Amino acid sequence: MAKRDYYEVLGVERSASKDELKKAYRRLALQNHPDKNPGNKEAEERFKEASEAYEVLSDDQKKAAYDQFGFAGVEGMGGQHDYSSTFRGFEDIFGGGDFGSIFDSIFGGGFSGGRRSSGGGPGGARQGSNLRYDIEISFKDAIFGTKVEIQYSRNEPCPACKGSGAAGGSGKKTCPTCQGAGQVRQSAGFFSMASTCPTCGGEGSIIEHPCKECGGSGNQKKRQKIMVTIPAGVENGKRVVIPRQGDAGSNGGPMGDLYVFIRVKPHEHFERQDYDLYCAVPISITQAALGAEIHVSTLDSKTIKVKVPPGIQNGKMLRIPGEGVPSGGRRGNLYIKLMIQIPAKLSKRGKELLEELSKVEGENESPRPIPLSELAG
Ligand SMILES: [Zn+2]
Ligand SMILES: [Zn+2]
Numbered sequence: 204m205a206k207r208d209y210y211e212v213l214g215v216e217r218s219a220s221k222d223e224l225k226k227a228y229r230r231l232a233l234q235n236h237p238d239k240n241p242g243n244k245e246a247e248e249r250f251k252e253a254s255e256a257y258e259v260l261s262d263d264q265k266k267a268a269y270d271q272f273g274f275a276g277v278e279g280m281g282g283q284h285d286y287s288s289t290f291r292g293f294e295d296i297f298g299g300g301d302f303g304s305i306f307d308s309i310f311g312g313g314f315s316g317g318r319r320s321s322g323g324g325p326g327g328a329r330q331g332s333n334l335r336y337d338i339e340i341s342f343k344d345a346i347f348g349t350k351v352e353i354q355y356s357r358n359e360p361c362p363a364c365k366g367s368g369a370a371g372g373s374g375k376k377t378c379p380t381c382q383g384a385g386q387v388r389q390s391a392g393f394f395s396m397a398s399t400c401p402t403c404g405g406e407g408s409i410i411e412h413p414c415k416e417c418g419g420s421g422n423q424k425k426r427q428k429i430m431v432t433i434p435a436g437v438e439n440g441k442r443v444v445i446p447r448q449g450d451a452g453s454n455g456g457p458m459g460d461l462y463v464f465i466r467v468k469p470h471e472h473f474e475r476q477d478y479d480l481y482c483a484v485p486i487s488i489t490q491a492a493l494g495a496e497i498h499v500s501t502l503d504s505k506t507i508k509v510k511v512p513p514g515i516q517n518g519k520m521l522r523i524p525g526e527g528v529p530s531g532g533r534r535g536n537l538y539i540k541l542m543i544q545i546p547a548k549l550s551k552r553g554k555e556l557l558e559e560l561s562k563v564e565g566e567n568e569s570p571r572p573i574p575l576s577e578l579a580g
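This is the structure in structure tokens:
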């Protein structure tokens with residue numbers, strides 16, 4: 204099933220206030236609480252969906268990431284979540300005590316991080332966490348594409364125990380606390396809740412002799428170096444997803460993905476809008492009046508000849524096709540804004556010539572005001 208937009212899940216506008224989010228979530232949580240709908244998979248699914256949506260949208264940082272990048276923005280933000288702060292004010296629904304447990308039982312433990320990929324039973328394969336890496340690239344590299352080598356650390360299977368977490372061929376045994384169920388039930392507040400077994404962390408089994416190298420986790424942090432290809436035309440704030448380069452999974456689960464977030468440094472002369480580039484070029488009053496051929500260097504360090512038509516007004520734009528941002532084998536436009544420079548200092552001869560021009564053309568001593576909108580932008 205495709206994931207539904209978090210705002211849609213809660214049935215609120217994108218502009219909803221914290222109070223509105225809270226109200227919407229409260230209604231859905233009461234309606235679909237698993238203990239009120241025993242055995243109802245659909246209700247459980249809706250409860251889970253609403254809780255995840257609320258968990259993200261009630262957190263300013265996650266909400267901002269979600270608003271900008273969608274699900275990918277909040278995936279792998281990871282870490283152990285403090286449910287008690289997110290779900291404060293819902294004690295009557297979840298019971299007063301440790302309400303992380305209900306979410307752990309539903310989300311399979313730390314739901315913003317790794318997810319179970321095989322139905323979520325005890326001992327199931329779990330995909331590793333997605334990781335985030337931020338890079339900054341130059342404006343030019345963003346337009347034409349580049350390759351960047353990045354170094355980061357990720358969990359990899361421990362070589363001593365081959366990821367099993369068990370020392371030298373020793374095996375696993377059924378967890379004595381939950382008898383292999385991975386969950387324990389306890390009553391809290393109005394509901395009785397299933398929570399992740401504290402002894403085995405939901406696995407249903409425990410390692411008899413933990414591997415000394417990794418302490419039984421089966422994973423080891425390792426530095427990793429990879430080459431990332433940044434496609435031509437990438438925009439500031441976009442990301443490149445590199446599949447299966449995140450943390451190692453557990454119990455044979457696949458690796459998570461690596462999300463490379465791209466920040467583009469501004470350029471000294473050029474600006475970008477969609478597939479077009481913009482720059483400003485100064486010209487003299489005589490070039491503007493008489494017309495000229497000027498030489499402009501483009502972003503790819505070529506020099507192009509640009510014809511300035513006679514009588515051009517200050518601030519007019521010239522469009523040069525094919526010198527913009529590459530996209531699908533074509534390139535957008537380069538727009539050159541002509542800025543007419545009035546000489547601040549004149550030579551003696553220059554002054555004489557301009558005075559002569561002034562006499563010949565005659566100056567209008569009572570110019571009629573015009574609306575600002577008639578000035579060239
Ligand atoms: Zn190990
Ligand atoms: Zn257990």
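Counting with our numbering, you get residues 204 to 580 for the letters of the sequence shown.
Note that the Cβ used here is the ideal one computed from N, Cα and C, for glycine as well.
If you're wondering where the values come from, they're calculated on a predicted model, not measured in any experiment.
Under DSSP, Thr489 shares a beta bridge with no residue.
Between ligand 1 and the CB of Gln423, the shortest heavy atom gap is smaller than 8 Å. Distances from the alpha-carbon of Phe250 to those of Leu233, Asp262, Ser332 put Leu233 closest. Bridge pairing for Ser341: absent [DSSP]. The closest CA to that of Ile497, considering only Tyr462, Ser487, Lys508, is found on Lys508. For the pair Lys424 and Asn358, the CB atoms are nearer than the 9 Å cut-off.
Between the beta-carbon of Thr501 and that of Leu537 there is about 6 Å, and that keeps the pair under the 8 Å contact cut.
In the three-state scheme derived from DSSP, where H, G and I count as helix and E and B as strand, Tyr257 is classed as helix. With a cut-off of 8 Å on Cβ pairs, the region 412 to 421 is not in contact with the region 507 to 523, counting fewer than three such pairs. Between Val437 and Phe342 the beta-carbon gap is near 11 Å, outside 8 Å, which marks them as no contact. In the three-state reduction of the DSSP assignment, Val437 falls in the coil class.
In its chain, beyond the 5 residues on either side, Ser304, Ser395, Met396, Ser398 have a beta carbon closer than 8 Å to the beta carbon of Gln389. Counting only runs of at least 3 residues, the region 334 to 400 fully encloses the following beta strand (DSSP E) elements, listed from N- to C-terminal order: 334 to 340, 349 to 360, 375 to 377, 386 to 391, 394 to 399. Those residues having their beta-carbon less than 5 Å away from any non-hydrogen atom of ligand 1 are, in chain order, Cys361, Ala363, Cys364, Cys414, Glu416, Cys417. Of the candidates Ala328, Asn439, Ser373, Asn439 places its Cα closest to the Cα of Ile340. The bridge partners DSSP lists for Glu496 are Lys510.
Short of 6 Å from the beta carbon of Pro485, and not among the five residues preceding or following it, lie these beta carbons of its own chain, in chain order: Met542, Gln544. Residue state for Tyr538 is assigned as strand, using DSSP reduced to three classes. Secondary structure at Asn235: helix, using DSSP grouped into helix, strand and coil. DSSP, reduced to helix, strand and coil, places Tyr228 within a helical segment of the structure shown. Under the three-state reduction of DSSP, Leu560 is assigned to helix. Per DSSP, Asn454 has no beta bridge partner at all. Glu247 sits close to Asn235, with the two beta carbons spaced by under 9 Å. The alpha carbon of Pro362 has as its nearest neighbour, out of Ala451, Asp503, Pro546, Ser220, the alpha carbon of Ala451.
Secondary structure of Glu568 (DSSP, three-state): coil.
Here DSSP, grouped into helix, strand and coil, assigns Tyr481 to strand.
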